[in-house]
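Student: Following the working numbering, the residues of the sequence shown are numbered contiguously, the last one being 534. Where is the CB? At the ideal position from N, CA and C, for every residue including glycine. Quick one: this structure, given as structure tokens, is what I'll be asking you about.
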Amino acid sequence: MDDYELVRDVPDAETFCALREAAGMSPRSLDGARRGLPNTVFGVHVDAAGETVAMARIVGDSGTVYQITDMAVHPDHQGRGIGTRMMDELVAYLDREAPEDAYVNLLADVEGFYERWGFESTAPASRGMFLRTNASEDP
């Protein structure tokens, strides 16, 4: 991580959208990113040579529920401990700021990564679900 700088803030909306795409994540609209990013509870991004190469953030109500989301590392920078460093920062924030018995969740696309911070699968007790809006389709 010597060549990388961790910044305790979210990237701008354009960088957010581009980094999600580069990391192979589902797209988010620029309008959605511009609306949503200011509502971040806590976020980090990682810069290398003046370019943002990774990001992660926490969203929620800052009291009862938090969600870790938008964890992305550009493929050219994966395997260097950047994701671990970002998760360490997010979990440290939760340890400091989240009230007792707050619920922290995430949806993971990577097996075996988040468990080291105590995350467990909810199945079969519960299951993750989602609904994606699509304003471009006619009703």
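Taking all protein chains shown into account, decide if L425 is buried (16 or more other Cβ within 10 angstroms of its Cβ) or exposed.
Tutor: Burial call: exposed.
Student: Assuming D442 is part of the beta strand (DSSP E), what are its boundary residues?
Tutor: Segment F437 to A443, the beta strand (DSSP E) holding D442.
Student: What are the residues that DSSP puts in a beta bridge with Q473?
Tutor: Partner(s): none; Q473 has no beta bridge.
Student: Between which two residues does the alpha helix (DSSP H) harbouring T410 extend?
Tutor: T410 -> alpha helix (DSSP H) spans A408 to A417.
Student: Using the beta-carbon count (16 or more within 10 Å), is T459 buried or exposed?
Tutor: Counting Cβ neighbours within 10 Å, T459 comes out exposed, since fewer than 16 surround it.
Student: Just to confirm, are A467 and M481 a CB contact at a threshold of 7 Å?
Tutor: Not in contact: A467 and M481 (Cβ atoms no closer than 7 Å).
Student: Just how far apart, CA to CA, sit N529 and G427?
Tutor: If I take the Cα positions, the gap works out to 12 Å.
Student: Spatial neighbours of E400 within its chain, please: CB distance less than 8 Å, with the 5 preceding and 5 following residues excluded, ordered by chain position.
Tutor: Cβ neighbours of E400 beyond the five flanking positions: V441, D442 and A443.
Student: Tell me, which residues are paired with S420 by DSSP?
Tutor: A small fix is needed here, since residue 420 is Met in this sequence, not Ser. Note: M420 sits in no beta bridge, so no partner.
Student: Is it true that the CB of T435 sits closer than 7 Å to the CB of R423?
Tutor: For R423 and T435, no; Cβs fall outside 7 Å.
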